[in-house]
Ligand SMILES: C[S@@+](CC[C@H](N)C(=O)[O-])C[C@H]1O[C@@H](n2cnc3c(N)ncnc32)[C@H](O)[C@@H]1O
Ligand code: SF4
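Put into structure tokens, the structure is as follows:
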């Protein structure tokens, strides 16, 4: 099983927290042409396994004209061996959603949609510089429910303007909407984003650690009461609606990334495309190399396994790690595992290390303790 990721590097506006690669220019067709060329060039020569998932992410794929999206999907289909039941996802922003657009996405092959709502709180949406308001988000969801049964909503917490009350309000909307899948992210403050600069200059305030910790507890409690499966720290779904694409990442499967800034992985090498739209077009058009790569050492492979698996409901399977990389975590990290268990940050069940809800809050610290 392998996945394909296509990066669409355009947005209408810059959200203040965002560190993903995007430009607010509008030369869409030039980039799409270069992505089409990249698909044909396949310079990375990643073994062409059967493709079980295709994911258009961004940036904002929903701003691209459907004729161009159709060309991309056709080219992927012609150049890869696609499974019949392939999951094909598009990331969308609420202000781009119309019934016409939804129908035509289905026509060209999309069968899953991920909507970036972030919050239903008007003040927070404005602070974050989102392009949509609450009513647009609600209308978009109403329309999506008519056309797609497999869809997801992105929500963030710990953002400027958010508190327990705004989160309770968001949870009440989730209760009414009942989406089959939700990703709920704790805000990461990324260096050199407008948010980072605003915080440094004391122009914007974040909720305290105590409030963010309470928000986290409230999310887990509420999602559990609504019978969502918390199959990865930030991912919740109803039975049968796991994101296959993201699950592939967490299960160490190969993926091929197309587009500026996109990453690829084939278990031996990691590849990353140049993260600059103009440079990407220039290099592709002149048949120059447009990516860098790195051969993974055994230690990097082990750490990769630990970092991805610890986030999942199944946790780290020590037997699998032993078979793959010859490392017994229980032997090598005996003291650390005992400490984390005593602190109720992890559970150890048979051969697995699984995060507790307490542990999920400080996953990065836990990774630091048990990686190499
Ligand atoms: C790269 S965005 C693309 C989706 C779409 N453009 C949008 O904004 O709705 C995917 C998701 O990542 C999350 N995200 C982006 N920046 C983040 C940050 N700094 N911290 C936590 N989550 C973030 C948001 O929830 C967003 O919906
Ligand atoms: S969060 Fe989404 S819409 Fe906002 S800048 Fe990032 S990619 Fe663009």
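In the numbering used here, the protein residues as written are 19 to 390.
Ideal placement from N, C-alpha and C gives every residue a C-beta, glycine not left out.
Predicted model, so just to flag it, every value in this text is computed and none were measured.
Thinking C-alpha only, which one of the options is nearest residue i?
i           : options            : result
residue 238 : 203, 207, 359      : 203
residue 199 : 171, 207, 216, 186 : 171
residue 27  : 279, 272, 152, 286 : 279
residue 168 : 177, 124, 207      : 124
residue 243 : 214, 196, 263, 277 : 196
residue 153 : 59, 135, 373       : 135
residue 350 : 378, 360, 317, 175 : 317
residue 295 : 283, 355, 309      : 309
residue 32  : 159, 210, 331, 234 : 210
residue 85  : 51, 359, 240       : 51
residue 194 : 241, 232, 368      : 241
residue 256 : 245, 263, 264, 262 : 245
residue 179 : 356, 384, 380, 35  : 35
residue 104 : 379, 335, 46, 128  : 128
residue 37  : 293, 45, 305       : 293
What separation, rounded to the nearest whole angstrom, lies between the Cα atoms of residue i and residue j?
i           : j           : result
residue 181 : residue 63  : 48 Å
residue 30  : residue 212 : 16 Å
residue 219 : residue 145 : 16 Å
residue 99  : residue 75  : 21 Å
residue 122 : residue 92  : 14 Å
residue 352 : residue 266 : 29 Å
residue 151 : residue 274 : 34 Å
residue 366 : residue 372 : 6 Å
residue 268 : residue 321 : 13 Å
residue 80  : residue 387 : 40 Å
residue 319 : residue 224 : 36 Å
residue 298 : residue 94  : 19 Å
residue 300 : residue 377 : 46 Å
residue 191 : residue 370 : 35 Å
residue 39  : residue 188 : 27 Å
residue 360 : residue 307 : 50 Å
residue 158 : residue 110 : 10 Å
residue 177 : residue 42  : 23 Å
residue 261 : residue 96  : 24 Å
residue 290 : residue 101 : 25 Å
residue 61  : residue 67  : 16 Å
residue 155 : residue 214 : 26 Å
residue 327 : residue 381 : 11 Å
Assign residue i to one of three DSSP states: helix, strand, or coil.
i           : result
residue 335 : strand
residue 76  : strand
residue 30  : coil
residue 280 : coil
residue 97  : helix
residue 69  : strand
residue 122 : helix
residue 46  : helix
residue 174 : strand
residue 298 : helix
residue 194 : helix
residue 243 : helix
residue 24  : strand
residue 251 : coil
residue 309 : strand
For residue i, count the other beta carbons within 10 Å of its own beta carbon; 16 or more makes it buried, fewer makes it exposed. Which is it?
i           : result
residue 137 : buried
residue 130 : buried
residue 258 : exposed
residue 226 : exposed
residue 287 : exposed
residue 250 : buried
residue 283 : buried
residue 173 : buried
residue 329 : buried
residue 78  : buried
residue 303 : exposed
residue 72  : buried
residue 207 : exposed
residue 228 : exposed
residue 148 : buried
residue 379 : buried
Please report the Cβ distance between residue i and residue j, rounded to the nearest whole angstrom; I am assuming they are in contact, meaning their Cβ atoms lie under 8 Å.
i           : j           : result
residue 345 : residue 389 : With 8 Å as the limit, residue 345 and residue 389 do not qualify as a contact, their Cβ atoms being about 11 Å apart.
residue 253 : residue 201 : 5 Å
residue 24  : residue 277 : 5 Å
residue 87  : residue 126 : 6 Å
residue 90  : residue 115 : Going by Cβ atoms, the distance from residue 90 to residue 115 rounds to 20 Å, so no, they are not a contact pair.
residue 161 : residue 120 : 6 Å
residue 164 : residue 117 : 7 Å
residue 271 : residue 21  : 7 Å
residue 185 : residue 236 : 6 Å
residue 347 : residue 339 : 6 Å
residue 364 : residue 374 : 6 Å
residue 331 : residue 248 : 7 Å
residue 230 : residue 175 : 7 Å
When the cut-off is 7 Å and only beta carbons count, does residue i lie next to chain B?
i          : result
residue 24 : Annotation note: the requested chain B is absent from the structure, which comprises a single protein chain.
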